[in-house]
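Colleague: Below are the structure tokens for one structure; questions will follow.
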Amino acid sequence: MKEYSQIRKIAMIALLLASASLVAQTATGTINATLVNKSAISLIFDSDPGGVTLGGNGSSTASVNLGTISAFGPLAPGVTRPSVTASNYTVRTLFDVQVIQGGVASPNYTLSAQLAAVAPTGFTYAVDAVTLTTAVQTIQANGAYNTDVRHALNLTVSTAAPGAGGPAVGTPLTTTINFTATSN
Amino acid sequence: MQVGKKVLIVMVGSSNFVAHAWKALLLACCLVYPIVGQGQAASATAQLTITMSVQSSISLIFQNNPAVGTTGFCPLTNPGTNNVGLDLGTAAFPSGSDSFPCVAYAHIGSATYQVSSGFDVMVTKANSSSPNYRLAAEISVAPPANVVWLVNNVTLSNTGFTQLDASDAYGTRVTKTLQVQVKNTVPAQLLQETITFLATAN
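If you're matching them up, the sequences are chains A and B in order.
Residue 156 in the working numbering is what sits at position 156 of the first sequence, and the numbering runs on without skipping anything.
Heads up, the working numbering is the position in the second sequence plus 1000, with the first residue counted as 1.
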């Protein structure tokens, strides 16, 4: 009986050791991750409720189709004619600029613009009250980030006849304006 | 080659001092980089392309004649636009006059009277090579019997435009006189017309 008791004890110990070996193995590891949060701003054009619906709305390469314009005739929706004089008339539409910032410790931005090429004969372009040329012109010195900022695109057209200082008539004319936003 | 040799000597000859110097340099770069990075203004560019087509156009407006207020030149309501009013008052054959002193009143023959008032028409052009324009007018409804509406002695019709001028100059006032001739047999009533003027570029 004493021998059986010892054998039983040995068996119990063996079972305990065996069960201990069944506990799940563990392992640990670490990932050393890095991220460079680069500072940047982006500029997009948004349609203004009072203006022409932009092509490429919400992008940085948008387009404005003013349709057919004239001194006295009807205009497309979103296009107004704030002035008509003997020598010229102005058509206007509104558009929004939104500058989005990330990682920039800047309170606001400066918006500038320039014509990509000399304006067609008989045309003068202005954004707000700033007449555009092929040189960079400051449009706004303290634009607010992350919100639509309304701007007026004013196109002044000479009333002169084609060939006499006036624009070509009946032909689609295209002009590109380059905008730059710079963080202050 | 000479420069390369010098660098090699420095590297090979580096000791703990050189190693510490490199560490210090790297640390300085790490510290300065964010500051320099923040000092640079971020910028973004975008393009807006504008397209349109210009069309020739002309406009017509009515204006008070410079002699407005004198006999023969009554004031227009809403002058300077293309939609004006002209009140010729009240007239009667027996009285030989009109209630408005600005209206010119006259008897034509033995049984008809005429009231008239002058005003100016101005036509302007834009982006057009047209040298001049022609002017026509039309009344809106057929007048009662023995009532005639005229402009500068040209009888108007409600069946089509009647030409008044063949070549008027742009940007120049053209004085026109509206006349109403009423025979003494016409019953008392309100005489009213909307007269449409049409300028067409030549």
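Glycine is no exception: its CB is placed at the ideal position from the N, C-alpha and C atoms.
Measure the alpha-carbon distance for S1059 (chain B) versus S83 (chain A) and round it to whole angstroms.
Modeller: Mapped onto the second sequence, residue 1059 (chain B) falls at position 59. Mapped onto the first sequence, residue 83 (chain A) falls at position 83. The alpha-carbon atoms of S1059 (chain B) and S83 (chain A) are separated by roughly 14 Å.
Colleague: Which chain A residues are close to G1171 (chain B), counting only those with a beta carbon under 8 Å from its beta carbon?
Modeller: Numbered from 1 along the second sequence, position 171 holds the residue referred to as residue 1171 (chain B). The answer, in chain order, is A86.
Colleague: Would S1059 (chain B) pass as an interface residue toward chain A - the criterion being a Cβ-Cβ separation below 7 Å?
Modeller: The residue given as residue 1059 (chain B) occupies position 59 in the second sequence. Closer than 7 Å: yes.
Colleague: For A1046 (chain B) and S60 (chain A), which I take to be in contact (beta-carbon distance under 8 Å), what is that distance rounded to the nearest angstrom?
Modeller: Sequence index remark: in the second sequence, residue 1046 (chain B) carries index 46 (1-based). Sequence index remark: in the first sequence, residue 60 (chain A) carries index 60 (1-based). 4 Å between Cβ atoms; contact.
Colleague: Is I1050 (chain B) helix, strand or coil when you go by DSSP?
Modeller: As a working mapping, residue 1050 (chain B) is identified with position 50 in the second sequence. Residue state, collapsed to three classes: strand.
Colleague: Can you check whether the CB of L1156 (chain B) is closer than 7 Å to the CB of A1137 (chain B)?
Modeller: As a first step, residue 1137 (chain B) is located in the second sequence; it is residue number 137 there, counting from the start. As a first step, residue 1156 (chain B) is located in the second sequence; it is residue number 156 there, counting from the start. In contact: A1137 (chain B) and L1156 (chain B) (Cβ atoms closer than 7 Å).
Colleague: Using a Cβ-Cβ cut-off of less than 8 Å, list which residues of the segment 1037-1056 of chain B approach chain A; keep chain order.
Modeller: Those would be G1037, Q1038, A1041, A1042, S1043, A1044, T1045, A1046, Q1047, L1048, T1049, I1050, T1051, M1052, S1053, V1054, Q1055, S1056, in chain order.
Colleague: Run the CB neighbour count on S87 (chain A), radius 10 Å, all protein chains shown included, and call it buried at 16 or more, exposed below.
Modeller: Here the question's residue 87 (chain A) lines up with position 87 in the first sequence. It counts as exposed.
Colleague: Which residue's Cα is closest to the Cα of G58 (chain A): A:K38, A:N108, A:V97?
Modeller: Translated into the one-based positions of the first sequence, residue 58 (chain A) becomes position 58. Of the listed residues, the one whose Cα sits closest to G58 (chain A) is A:V97.
Colleague: Taking DSSP's pairing of strands, which residues face N101 (chain A) in a bridge?
Modeller: Reading the first sequence from its first residue, position 101 is the one you call residue 101 (chain A). In the sequence as presented, Asn is not what sits at residue 101 (chain A); that position holds Gln. Q101 (chain A) pairs with A:I41.
Colleague: Considering just the uninterrupted stretch of the beta strand (DSSP E) at G67 (chain A), what are its terminal residues?
Modeller: The sequence position of residue 67 (chain A) within the first sequence is 67, counting from 1. Unbroken beta strand (DSSP E) run through G67 (chain A): 61-69.
Colleague: Can the beta-carbon of S1043 (chain B) be found closer than 7 Å to that of T182 (chain A)?
Modeller: For the purposes of this step, residue 1043 (chain B) is taken as residue 43 along the second sequence, with counting starting at 1. For the purposes of this step, residue 182 (chain A) is taken as residue 182 along the first sequence, with counting starting at 1. The answer is yes: Cβ separation under 7 Å.
Colleague: From A119 (chain A) to A71 (chain A), what distance separates their C-alpha atoms?
Modeller: As a working mapping, residue 119 (chain A) is identified with position 119 in the first sequence. As a working mapping, residue 71 (chain A) is identified with position 71 in the first sequence. The alpha-carbon atoms of A119 (chain A) and A71 (chain A) are separated by roughly 19 Å.
Colleague: Just mark K9 (chain A) as buried or exposed, buried being the case when its beta carbon has 16 or more other beta carbons within 10 Å.
Modeller: One-based indexing of the first sequence puts residue 9 (chain A) at position 9. Exposed: under 16 other Cβ atoms inside 10 Å.
Colleague: Determine the extent of the beta strand (DSSP E) in which P162 (chain A) is found, giving its start and end residues.
Modeller: Along the first sequence, one-based indexing puts residue 162 (chain A) at 162. Looking at the DSSP string, P162 (chain A) is not in any beta strand (DSSP E), and its letter there is neither H nor E.
Colleague: In the DSSP output, which residue or residues are listed as bridge partners for F1161 (chain B)?
Modeller: By one-based count along the second sequence, residue 1161 (chain B) stands at place 161. According to DSSP, F1161 (chain B) bridges with nothing at all.
Colleague: Taking only beta-carbon positions, decide if V52 (chain A) is within less than 7 Å of chain B.
Modeller: Here residue 52 (chain A) is taken as the residue at index 52 of the first sequence, counted from 1. Taking Cβ atoms only, chain B never reaches closer than 7 Å to V52 (chain A), which makes this a no.
Colleague: Between which two residues does the beta strand (DSSP E) containing S1117 (chain B) stretch?
Modeller: Counted from its first residue, the second sequence places residue 1117 (chain B) at position 117. Its beta strand (DSSP E) spans residues 1112-1126.
Colleague: Rounded to a whole number of angstroms, what is the C-alpha to C-alpha distance between N32 (chain A) and K38 (chain A)?
Modeller: Working through the first sequence from its first residue, we reach residue 32 (chain A) at position 32. Working through the first sequence from its first residue, we reach residue 38 (chain A) at position 38. Distance between the alpha carbons of N32 (chain A) and K38 (chain A) is about 19 Å.
Colleague: V1154 (chain B) to G1069 (chain B), Cα distance in whole Å?
Modeller: Here residue 1154 (chain B) is taken as the residue at index 154 of the second sequence, counted from 1. Here residue 1069 (chain B) is taken as the residue at index 69 of the second sequence, counted from 1. Using only the alpha carbons, I get a separation of about 24 Å.
Colleague: Have a look at B:S1140, B:Y1170, B:V1182, B:A1188 and flag the residue whose alpha-carbon is nearest the alpha-carbon of T1194 (chain B).
Modeller: The count along the second sequence starts at 1 and reaches residue 1194 (chain B) at position 194. If we check each option's Cα against that of T1194 (chain B), B:S1140 comes out closest.
Colleague: Give a yes or no on whether 7 Å exceeds the smallest Cβ distance from F1197 (chain B) to chain A.
Modeller: Here residue 1197 (chain B) refers to the residue found at position 197 of the second sequence. So no, F1197 (chain B) is outside the interface.
Colleague: According to DSSP, which residues form a beta bridge with Y172 (chain A)?
Modeller: Taking the first residue of the first sequence as position 1, residue 172 (chain A) is located at position 172. Contrary to the premise, residue 172 (chain A) reads as Pro rather than Tyr in this sequence. P172 (chain A) is bridged to B:S1053.
Colleague: Would you mind giving the Cβ-Cβ distance between N1065 (chain B) and F1119 (chain B), rounded to the nearest angstrom? I have them listed as a contact below 8 Å.
Modeller: Within the second sequence, numbered from 1, the residue matching residue 1065 (chain B) stands at position 65. Within the second sequence, numbered from 1, the residue matching residue 1119 (chain B) stands at position 119. That pair is a contact at about 6 Å.
Colleague: Give the DSSP-derived three-state secondary structure of R92 (chain A) in the structure shown.
Modeller: What you label residue 92 (chain A) is simply residue 92 of the first sequence in a count that begins at 1. The answer is strand: DSSP assigns R92 (chain A) an E or B state.
Colleague: Per DSSP, Y125 (chain A) forms a beta bridge with which residues?
Modeller: The residue you call residue 125 (chain A) lines up with position 125 of the first sequence. DSSP lists A:L155 as partners of Y125 (chain A).
Colleague: With distance defined between alpha-carbon atoms, name the residue in B:V1115, B:S1117, B:R1134, B:S1116 nearest to T1124 (chain B).
Modeller: Here residue 1124 (chain B) refers to the residue found at position 124 of the second sequence. That would be B:R1134, whose Cα lies nearest to the Cα of T1124 (chain B).
Colleague: Does L43 (chain A) get closer than 7 Å to chain B when you measure Cβ to Cβ?
Modeller: Against the first sequence, residue 43 (chain A) aligns to sequence position 43. Interface residue, yes.
Colleague: With a threshold of 16 other CB atoms inside 10 Å of the CB of I41 (chain A), please say whether the residue is buried or exposed.
Modeller: Position 41 of the first sequence, counted from the start, is the residue given in the question as residue 41 (chain A). By the neighbour-count rule (16 or more Cβ atoms within 10 Å), I41 (chain A) is buried.
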